[in-house]
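Take the sequence shown: its letters are residues 9 to 480, numbered as in my numbering. Virtual Cβ for every residue (Gly too), placed ideally from N, Cα, C. Computed from a prediction, not measured in an experiment: that's the story for all the values here. Contents: one structure, followed by commentary.
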Amino acid sequence: MNNLVQKGTTICAPATQGGGAIAIIRISGPDSIDIVKNIFKPADNQIDILNAKGYSLIFGTLYSHDEFLDEVIISLFRAPLSYTGEDMVEISCHASHYIREKIIELLITSGAVPANPGEFTMRAFMNGKMDLSQAEAVADIIASDSEAAHRLAATQLRGGFSAEIEKLRQELLHFAALVELELDFSEEDVEFADRFRMTETIIRIKILVDTLASSFRLGNAIKKGIPVVIAGRPNVGKSSLLNVLLQEERAIVSDIPGTTRDTVEEVIHLGGLSFRFIDTAGLRKEEVEDKVEAEGIGRTISKLSQAAVVLAVTEATDSSDEIIAFYKSVKNIQAAPGSKIIAVINKTDLLTTGQTGGLRETITESGGFVPLFVSARESVGIEDLKQHLIRSVDTEELKSPQLIVTNARHLHSLINVSASLERALDGFRNGIPTELIATDIRQAIYYLGEITGKITGDEILGDIFKNFCIGK
Ligand code: GDP
9 MNNLVQKGTT ICAPATQGGG AIAIIRISGP DSIDIVKNIF KPADNQIDIL NAKGYSLIFG
69 TLYSHDEFLD EVIISLFRAP LSYTGEDMVE ISCHASHYIR EKIIELLITS GAVPANPGEF
129 TMRAFMNGKM DLSQAEAVAD IIASDSEAAH RLAATQLRGG FSAEIEKLRQ ELLHFAALVE
189 LELDFSEEDV EFADRFRMTE TIIRIKILVD TLASSFRLGN AIKKGIPVVI AGRPNVGKSS
249 LLNVLLQEER AIVSDIPGTT RDTVEEVIHL GGLSFRFIDT AGLRKEEVED KVEAEGIGRT
309 ISKLSQAAVV LAVTEATDSS DEIIAFYKSV KNIQAAPGSK IIAVINKTDL LTTGQTGGLR
369 ETITESGGFV PLFVSARESV GIEDLKQHLI RSVDTEELKS PQLIVTNARH LHSLINVSAS
429 LERALDGFRN GIPTELIATD IRQAIYYLGE ITGKITGDEI LGDIFKNFCI GK
């Protein structure tokens, strides 16, 4: 079908990267067991791996040209009961770089070929073990770093999302069949499908498709980390605030060996979600800003359009008018639809309790919003701020993870489905001939099929799997 899968071959690749005690090498294809037999001797010499049943675990020794290489356990799978649907062996060896390389070399000399990125999962897709959206979820579940991201990927991996798409596709297929039946009998001028009910059904499906498409904003934010921007004039304490928010996170992260913070954006994990602070580099350097920038808004405009949550930070020594004006200006420029603003007043340690109360009252009455009072210096109100961040995400939607789109490719297909259905509806309204309407419905079915891989071109497949790691 394509050259992304090396047809008929047996592939091998390490499935684990980096350190750890144990590494896994994966082998898949018709000659997997034969190839492994060449280099592996079971500890129990009664065992012949060529006759071993699927799901056997066998302890033994790997040899490189009769020389001991490692003690390993092999997991043996028989087609079709394996990840790829082919015969497979997984070798669990010690995680030395040398041992891993040597095993791969031995497997290749014995007839295996190195796997392409994602080729194991691609074979699983080709052999009907999973559909395309499930295959994509394999990469997502590996990358998921919060409970919510994991839940979305897991639902997709287990076919929840595909099932929703398939339901819609089946409904449209049924529909297209009726319309086409009519075309077959066009001479006799019969109507198998009631026009009114047809329109109703298409409208209902289109609403569902549009709802799915609009869930992408949340789905993508959850998958990649919810983008947060801290906006405010210089010196209100934006970076101090970021630092207190990150403090506990740093403590956790720096305990994990080999993690570097330099390359990652600042991320905090709260309530099963990850929040990604964008453009924090700008907060860290000395800010030399001109008059417009001194308003704390100019530089922020482009950032705001990327944010799902904006922390609009002012300081307690500002007047209530200044605080309200800043909040409103952020509200006015904020471009991203559905995003939330949290008004944060920092440096409350500089006010008495009475002054804080007065300021709160004035702002609530005249500004029409309730600000959060914090002190980054004294770590006051930070817990409250975290709770506000969590609540800023629509968790109601998350209760139906199967209805959340996390993948840009799926979004693109859904937009095309919606446009095709809109054309079909227009057709009905304007009395366009049935065969043209049938074409639009066929188009919608086609685009839905793209999502689960009922319809795929090599280009789509190549695009998806090139982002996979080797060994997946
Ligand atoms: P940024 O320019 O908005 O990022 O502000 P910084 O975080 O660099 O803080 C500016 C100044 O305000 C520094 O001198 C901080 O020590 C001080 N500052 C920050 N947060 C607080 C706070 O909660 N209370 C007080 N009194 N000072 C603070």
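Buried/exposed call for residue i, threshold 16 Cβ in 10 Å
i: I412; result: buried
i: L114; result: buried
i: K214; result: buried
i: T481; result: Only positions 9 to 480 of the chain appear in this structure, which leaves residue 481 out of reach.
i: R108; result: buried
i: A29; result: exposed
i: T163; result: buried
i: A23; result: buried
i: P38; result: exposed
i: L220; result: buried
i: L160; result: buried
i: G5; result: Residue 5 is absent from the model: the chain starts at 9 and stops at 480.
Distance CB(residue i)-CB(residue j) smaller than 8 Å
i: S383; j: T356; result: yes
i: L278; j: L397; result: yes
i: A31; j: C101; result: yes
i: Y63; j: F48; result: no
i: R368; j: F381; result: yes
i: G457; j: R177; result: yes
i: I33; j: I112; result: yes
i: N228; j: T414; result: yes
i: G136; j: T18; result: no
i: S408; j: V217; result: no
i: I332; j: G366; result: no
i: T372; j: V244; result: no
i: K394; j: F128; result: no
i: L312; j: V401; result: no
i: D482; j: S170; result: This structure does not reach residue 482, given that the chain is present from 9 up to 480, and the question cannot be answered.
i: I99; j: V80; result: yes
i: K36; j: E94; result: For the sequence presented, residue 36 should be read as Ser rather than Lys. Cβ distance < 8 Å, so S36 and E94 count as in contact.
i: L58; j: K110; result: no
i: L250; j: E274; result: yes
i: L65; j: S83; result: yes
Close beta carbons around residue i, own chain, < 7 Å, minus the five adjacent residues each side
i: E172; result: Q410 and L411
i: A184; result: A446, I449, R450 and I453
i: A156; result: I230, G280, L281 and L406
i: R431; result: D448
i: V187; result: A201, T442, I445, A446 and I449
i: G470; result: L12
i: A259; result: Confidence at A259 is low in this model, with a pLDDT of 49, below 50, so its placement is unreliable and no value can be given for it.
i: L165; result: Q142, A145, V146 and I149
i: L226; result: D402, E405 and I412
Boundaries (first-last residue) of the beta strand (DSSP E) holding residue i
i: R225; result: That residue, R225, is in no beta strand (DSSP E); its alpha helix (DSSP H) goes F224 to K232.
i: G68; result: S64 to S72
i: R284; result: L281 to F285
i: I453; result: That residue, I453, is in no beta strand (DSSP E); its alpha helix (DSSP H) goes T442 to T460.
i: E98; result: M96 to H102
i: F377; result: Segment: none, F377 is in no beta strand (DSSP E) and carries neither H nor E.
i: L180; result: No beta strand (DSSP E) holds L180; the alpha helix (DSSP H) holding it covers G168 to D192.
i: I81; result: E75 to F85
i: I276; result: E274 to L278
i: E323; result: V317 to E323
Host alpha helix (DSSP H) of residue i (start-end)
i: F133; result: E127 to M134
i: N354; result: Per DSSP, N354 belongs to no alpha helix (DSSP H); it is in the beta strand (DSSP E), K348 to N354.
i: S154; result: S154 -> no alpha helix (DSSP H), and no H or E assigned at all.
i: L89; result: Here L89 belongs to no alpha helix (DSSP H), and DSSP marks it neither H nor E.
i: V338; result: S328 to I341
i: S428; result: A416 to R437
i: T361; result: T361 to T370
i: F2; result: Any property of residue 2 remains undetermined from this structure, which presents the chain solely from 9 to 480.
Own chain partners of residue i with C-beta closer than 8 Å, once the 5 adjacent residues on each side are dropped
i: F436; result: R203, M206, T207, I210 and I445
i: T370; result: S328
Same chain, Cβ closer than 6 Å to residue i, neighbours up to 5 away in sequence not counted
i: L433; result: I210
i: A239; result: T308, V318, A320 and V338
i: A51; result: F67 and G68
i: S387; result: V252
i: I459; result: S141, I173, H418 and S421
i: A316; result: A229, I234, P235 and S347
i: L429; result: I210, K214 and A452
i: A147; result: F476
i: I353; result: T322, A324, P379 and F381
i: G26; result: none
i: S40; result: T18, D95, M96 and V97
Residue-level contact to chain C via CB, residue i, 8 Å cutoff
i: C477; result: Annotation note: the requested chain C is absent from the structure, which comprises a single protein chain.
Runs of beta strand (DSSP E) lying entirely within the region 15 to 49, each at least 3 residues, in chain order
19 to 22 and 30 to 36
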